[in-house]
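Participant:
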DNA sequence: CTTAGTTTGTTCGCTACCGAACAGACCGCA
DNA sequence: TGCGGTCTGTTCGGTAGCGAACAAACTAAG
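Protein chains in written order, with our numbering: chain C, 601 to 841; chain A, 601 to 841.
#1: Please classify residue 805 of chain A as buried or exposed, where buried requires at least 16 neighbouring CB atoms within 10 angstroms.
#2: Note down the Cα distance separating residue 820 of chain C from residue 775 of chain A, rounded to an integer number of angstroms.
#3: With a threshold of 6 Å on Cβ separation, who are the neighbours of residue 789 of chain A within its own chain once the five nearest residues in sequence on each side are excluded?
#4: Does residue 659 of chain C come out as helix, strand or coil in the three-state DSSP assignment?
#5: Only counting the same chain, and skipping five residues up and downstream in sequence, which positions put a Cβ closer than 6 Å to that of residue 754 of chain C?
#6: Any contact between the stretch 670-684 of chain A and the stretch 693-711 of chain A? By contact I mean 3 or more CB pairs, one from each, below 8 Å.
#7: Any C-beta of chain C sitting closer than 7 Å to the C-beta of residue 826 of chain A?
#8: Between the C-alpha atoms of residue 678 of chain A and residue 787 of chain A, what's the straight-line distance to the nearest angstrom?
#9: For chain C, is any of its Cβ atoms less than 7 Å away from the one on residue 755 of chain A?
#10: Between residue 665 of chain A and residue 693 of chain A, which are expected to be in contact by the criterion C-beta below 8 Å, what is the C-beta distance as a whole number of angstroms?
#11: If you drop the 5 nearest sequence neighbours on each side, which residues of the same chain put their C-beta closer than 6 Å to that of residue 793 of chain A?
#12: Any Cβ of chain A within less than 7 Å of the Cβ of residue 666 of chain C?
#13: Could you check whether the Cβ of residue 703 of chain A sits closer than 7 Å to any Cβ belonging to chain C?
#14: Helix, strand or coil: which one does DSSP assign to residue 843 of chain A?
#15: For residue 813 of chain A, does the count of other Cβ atoms within 10 angstroms reach 16, so buried, or fall short, so exposed?
#16: What is the rounded straight-line gap between the Cα of residue 609 of chain A and the Cα of residue 838 of chain A?
#17: Can you list, in chain order, the residues of its chain with a C-beta nearer than 6 Å to that of residue 719 of chain C? Leave out the 5 residues immediately preceding and following it.
#18: Span of the beta strand (DSSP E) holding residue 680 of chain A?
#19: At the level of alpha carbons, what is the spacing between residue 600 of chain A and residue 736 of chain A?
#20: I'd like to know if residue 746 of chain A contacts chain C, where contact means its C-beta is closer than 7 Å to some C-beta of that chain.
#21: Using a Cβ-Cβ distance under 7 Å, would residue 815 of chain C count as near chain A?
#22: Can you have a look at residue 762 of chain C and say buried or exposed, based on whether 16 or more other CB atoms are within 10 angstroms of its CB?
#23: Answer with buried or exposed for residue 766 of chain C, where buried requires no fewer than 16 other C-beta atoms within 10 angstroms of its C-beta.
#24: Going by DSSP, name the residue or residues bridged to residue 711 of chain A.
#25: Determine the chain C residues that contact residue 669 of chain A at a beta-carbon separation under 7 Å, and present them in chain order.
#26: If you run the structure through DSSP and keep just helix, strand and coil, what is residue 771 of chain C?
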């Protein structure tokens, strides 16, 4: 449905709006991924539950997903944000059939869905694309390493700003759906903690929000508030890809 | 020097005491890694500074290394522990020429040193070994994801116990060199915080220490104190390798 | 054995954040 | 237009851990 809709609007998928897929020409994409499919993913949708078989990789276009660590008591906390700059399913290229993490959709939107076998086959047949995916895996690897430091050493405000910036980078426009409750879970803090910070950001004109809609009104200001982790991760990605 | 010493003691290196290298037969190892070398690494030695060219991979035998995230203000904090179960240099197999993290030796000992080119070549020529390294990369990947949650949500005591257990797994015997100061840096906390916890562990007979020497006296007890992250990471490694 | 350097013990006041709870505001739906 | 559910504002007391500082214990080297 979405597929045919897009067909008429774009040049028969010559644009994927995903940084990794864009490294392939349209004929290469068609050849490597005969079963590729554009799907719509809804907010809160669980794309992969822990230990669920990794049958597909997803290359986000306009959606944003999160890699979530789930603890025994059910507590969830975000480990990584994945959007149009990357892919869900790095473990597939590392020969895993499943993973302990959970993948949840943060911000609804579209993503390209590719069967795991086709992805693995593509790694074999196309060395250039294989290289791109490996470098993305490396970027994600170092993102997680930065996250361990960030979660331990930075304040809610800093991490909140970081999260807003990296989500803003991945969505269209300046407004997206986001509740304090949800952000609190992602950051691993209490909801009132986020509310307090959010109010302060709004009072300072950096963001504006109302009942589940967040708008970034001053990116530059947020960058000043954010911890260095935002820039560190972005720059490392830029160096690699 | 170490090389010739070992030659006389072991069956000409038929035993590597590294879980990953052990997946190769001795002839395979000789063929794949003509330049492999057993080296001694000293405590506190910086094996890789941030952004230093990744010329060698290291497969620890008796040493224990740490992947460290370095922040702009110079603060350091451990992201992962690497010992005889794994390797230093996963980014090499992900086509990186360097990385933002730092690699430091925690506990001195021996490691097998392999030129990056030989490792990359081995990935090409030996699919089974390539698979093992990919799976280890995946294990490390999920270890970092667990670490983001752990650093945010678990107490000093829990993380302290986790660290002691995972180091204990990687060294010979129950005693190793470790100061509170050093452990505090690894965990990203103050030194008195560690001293307090350490004293409590000692009072409860779980460990015993004096002036830079730590002895694990009750592993089982430590496992009870530790957060779930120790077991989660260990089990995930076990499933993969 | 002495001394200098390292390691550990312990204290202080302070702050960020927690867990819980409740009130008010907003929004979609009947 | 009102009602019920969702979202945000705000408060409370409590605690884990911070930063700084200093004292005591140990150990190695001369």
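Just so you know, even glycine gets a beta-carbon here, dropped at the ideal spot from N, CA and C.
Just so it is clear, the structure is predicted and the values come from calculations on it, not from any experiment.
Facilitator: According to the data block:
#1: By 1-based counting over the second chain, the position of residue 805 of chain A is 205. Exposed, since its Cβ has fewer than 16 Cβ neighbours within 10 Å.
#2: Start at 1 with the first residue of the first chain, and residue 820 of chain C comes out as number 220. Start at 1 with the first residue of the second chain, and residue 775 of chain A comes out as number 175. Taking the straight line from one Cα to the other gives about 51 Å.
#3: Locating residue 789 of chain A in the second chain gives position 189, where the first residue counts as 1. For residue 789 of chain A, where only same-chain residues beyond five positions count, the Cβ hits under 6 Å are 756.
#4: For the purposes of this step, residue 659 of chain C is identified with residue 59 of the first chain, where counting begins at 1. Reduced to three states, the DSSP call for residue 659 of chain C is strand.
#5: Along the first chain, read from residue 1 onward, the residue named residue 754 of chain C stands at position 154. Once the five neighbours on either side are set aside, the close Cβ partners of residue 754 of chain C are 827.
#6: yes
#7: To locate residue 826 of chain A, count along the second chain from 1; it is residue 226. Residue 826 of chain A does not count as touching chain C.
#8: If you number the second chain from 1, residue 678 of chain A lands on position 78. If you number the second chain from 1, residue 787 of chain A lands on position 187. If I take the Cα positions, the gap works out to 6 Å.
#9: Here residue 755 of chain A refers to the residue found at position 155 of the second chain. Residue 755 of chain A does not count as touching chain C.
#10: Counting from one through the second chain, the residue named residue 665 of chain A turns up at place 65. Counting from one through the second chain, the residue named residue 693 of chain A turns up at place 93. Incorrect: roughly 17 Å between the Cβ atoms, too far for contact.
#11: Residue mapping note: residue 793 of chain A aligns to position 193 of the second chain, counting from 1. Cβ neighbours of residue 793 of chain A beyond the five flanking positions: 756.
#12: In the first chain, the residue the question calls residue 666 of chain C occupies position 66. Cβ-Cβ to chain A under 7 Å: no for residue 666 of chain C.
#13: Walking along the second chain from the start, residue 703 of chain A turns up at place 103. It does not; no Cβ of chain C falls within 7 Å.
#14: Absent from the structure is residue 843 of chain A, since the part of chain A shown begins at 601 and ends at 841.
#15: Mapped onto the second chain, residue 813 of chain A falls at position 213. It is exposed - the Cβ of residue 813 of chain A has fewer than 16 other Cβ atoms within 10 Å.
#16: What you label residue 609 of chain A is simply residue 9 of the second chain in a count that begins at 1. What you label residue 838 of chain A is simply residue 238 of the second chain in a count that begins at 1. Low confidence applies to residue 609 of chain A: its pLDDT is 40, below 50, so where it sits in the model is not reliable enough to give any reading.
#17: Along the first chain, one-based indexing puts residue 719 of chain C at 119. For residue 719 of chain C, where only same-chain residues beyond five positions count, the Cβ hits under 6 Å are 657 and 692.
#18: Against the second chain, residue 680 of chain A aligns to sequence position 80. That run of the beta strand (DSSP E) goes 676-682.
#19: What is shown of chain A runs 601 to 841, which leaves residue 600 of chain A out entirely.
#20: As a first step, residue 746 of chain A is located in the second chain; it is residue number 146 there, counting from the start. Yes, its Cβ sits closer than 7 Å to a Cβ of chain C.
#21: Here residue 815 of chain C corresponds to residue number 215 of the first chain, with the count starting at 1. Chain A contact via Cβ: absent.
#22: Residue numbering aside, residue 762 of chain C sits at position 162 when the first chain is read from its first letter. Classification for residue 762 of chain C: buried.
#23: For the purposes of this step, residue 766 of chain C is taken as the residue at position 166 of the first chain. Answer is buried; the Cβ neighbour count reaches 16.
#24: The count along the second chain starts at 1 and reaches residue 711 of chain A at position 111. Its beta-bridge partners are A:639 and A:660.
#25: Counted from its first residue, the second chain places residue 669 of chain A at position 69. The contacting residues are 745, 746, 748 and 749.
#26: Within the first chain, numbered from 1, the residue matching residue 771 of chain C stands at position 171. Of the three classes helix, strand and coil, the one that applies to residue 771 of chain C here is coil, per DSSP.
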